[in-house]
Amino acid sequence: MAKQTRSIQKKTLNAPDEIRTFDKGKVELATVGTVTFGRASFEPGWKWSESVKPIVKTDYCEAPHIQYHVSGRLRIRMADGSEEEFGPGDVGTTPPGHDAWVVGDEPVVVIDISGMKGYAKPAAKKGARKLAKRKTNKKKR
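Residue 1 is where the sequence shown starts when you use this note's numbering, and the numbers rise one by one after that.
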């Protein structure tokens, strides 16, 4: 179980722990305790299936999101075909299995407190997971 702290913790997304860039976008990450906050910025013309899919090598975004939409308009389509559009001031959740794209000519900025930790990270190489699992399963002699 994670150790709980009884002190205030603070970081700023203006000096993030990590920045991940991709075609027409970036995510800035700051981890506070066990929570990773992400600020995603997408330029007009950005689409997950064109900009991030080639990095993660999945058919859809598999990250769950809890988001606050700061600016711009973002359309999200689930694998089942259902869609929703978000704009400034909107909050929402999006489960894994979706595509998303910028609507219009205004950049999109979204604050996410759920799905950014692994967002836009390259897919693990085949065999890497098996090797890691094998190492952790070795019995001590």
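Even glycine gets a Cβ: it sits at the ideal position worked out from N, Cα and C.
Counting every other CB atom within 10 Å of its CB across the protein chains shown gives Gly89 a total below 16, marking it as exposed.
Ser51 counts as buried, since at least 16 other C-beta atoms from the protein chains shown sit within 10 angstroms of its C-beta. In this structure Arg39 is buried. Its beta-carbon is surrounded by 16 or more other beta-carbon atoms within 10 angstroms. Shown here, Lys47 sits in a strand according to DSSP, grouped into three states.
From the listed residues Lys47, Phe42 and His69, the smallest Cα separation to Arg77 is found for Lys47. Contact holds between the stretch 60-70 and the stretch 80-98, because three or more Cβ pairs, one in each stretch, are under 8 Å apart.
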